[in-house]
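**Student:** FYI, my numbering numbers position 148 of the sequence shown as 166, with every residue one higher than the one before it.
Where is the CB? At the ideal position from N, CA and C, for every residue including glycine.
This one's a predicted model, so the numbers in the text were calculated from it and none came from an experiment.
Here's a structure for you.
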Amino acid sequence: MVTSWARIWPASQTLASRPCQLSATRTKSSTLVTRPTAWDRRRMTLYSRHQLVVLLILLCAAGLGLVIGHWRRAHPDAVERLEQFDRTPPPAGSLAPPSSSPGPPQPGRPRTASRPTQPPLRAARIDLNRADVAGLTRLPGIGRALARRIVQAREADGPFTAVDDLRRVGGVSRRTIEGLRQLVIVTR
């Protein structure tokens with residue numbers, strides 16, 4: 019008789035083989051077998067362990083960003099002092115390579131770009147009626163294709179009489195013409 023009961027209720031599922039615990043399983047009284055309920059932990063996970071770790075890392079990074087932002091707003095004098103470390107020149111005996119700027123950077127002011135802000139000198143201006151494709155490509159906003167179209171328009175319709183004559187070339191906008199006005203000349 020014991021063997022028949024063992025076949026019906028295996029020992030792994032009987033109530034006697036399980037320790038008494040409060041869990042998300044429910045014991046069915048008619049069969050004395052534990053079955054998972056709607057609150058079973060294994061069925062409640064929406065994300066895998068890997069996804070949960072990634073989500074936790076992202077939440078920690080966002081929290082750290084909020085904490086740092088709050089600290090920066092609460093202590094502006096300490097933030098300014100810490101930001102000065104980047105702007106101070108290296109000591110004279112350091113092995114750092116010399117900077118290309120003529121003087122040491124001034125504390126509290128951002129470094130400036132080394133690009134010239136004024137147009138080239140008058141002697142360096144390019145003549146629209148004599149320049150070839152290579153010469154025109156040195157101008158800002160003029161690529162090889164547009165330089166070819168400018169040369170073709172000059173050969174087909176005659177020399178340019180003013181910088182505004184570039185409007186007859188397809189692909190040259192008013193903004194480009196205004197940018198080129200200080201860089202080119204027109205000879206007759």
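Identify every residue that forms a DSSP beta bridge with Ile195.
**Tutor:** Per DSSP, none; premise fails for Ile195.
**Student:** Which residue from Pro177, Leu76, Ala165 puts its Cα closest to that of Thr194?
**Tutor:** The residue with the shortest Cα to Cα distance from Thr194 is Ala165.
**Student:** Under the assumption that Leu146 contacts Phe178 (Cβ atoms under 8 angstroms), give the Cβ distance between them as a whole number of angstroms.
**Tutor:** Confirmed, Cβ separation roughly 5 angstroms.
**Student:** Could you tell me the distance, in whole angstroms, from the CA atom of Val204 to the CA atom of Val181?
**Tutor:** Computed Cα separation, rounded: 7 angstroms.
**Student:** Starting from His88, trace the alpha helix (DSSP H) in both directions and tell me its first and last residue.
**Tutor:** His88 -> alpha helix (DSSP H) spans 67-92.
**Student:** Comparing the C-beta of Arg91 with each C-beta of chain C, is any distance below 8 angstroms?
**Tutor:** Of the protein chains in the structure, only one exists, and it is not chain C.
**Student:** For Ile168, collect the residues of the same chain with a Cβ closer than 8 angstroms to its Cβ; drop the 5 residues on either side in sequence, then sort them by chain order.
**Tutor:** So the list reads Leu146, Leu154, Ile160, Leu184, Val187, Val190, once near-sequence residues are dropped.
**Student:** Would Val85 be called buried (16 or more neighbouring beta carbons within 10 Å of its own) or exposed?
**Tutor:** Result: exposed.
**Student:** In whole angstroms, what is the alpha-carbon distance linking Val202 and Val151?
**Tutor:** Between Val202 and Val151, the C-alpha separation is close to 14 angstroms.
**Student:** Going by DSSP, what residues sit across from Ile203 in a beta bridge?
**Tutor:** Looking at the DSSP assignment, Ile203 forms a beta bridge with Asp145.
**Student:** Helix or strand or just coil, what does DSSP make of Phe103?
**Tutor:** Correct three-state label for Phe103: helix.
**Student:** Report the three-state DSSP secondary structure of Arg156 (helix, strand or coil).
**Tutor:** Here Arg156 sits in coil by DSSP.
**Student:** Taking just the CA atoms, how far does Pro158 sit from Glu196?
**Tutor:** Taking the straight line from one Cα to the other gives about 11 angstroms.
**Student:** Near Ile144, which residues of its chain fall below 8 angstroms by C-beta distance, leaving aside the five closest residues on each side in sequence?
**Tutor:** Gly153, Leu154, Arg156, Leu157, Leu201, Val202, Ile203.
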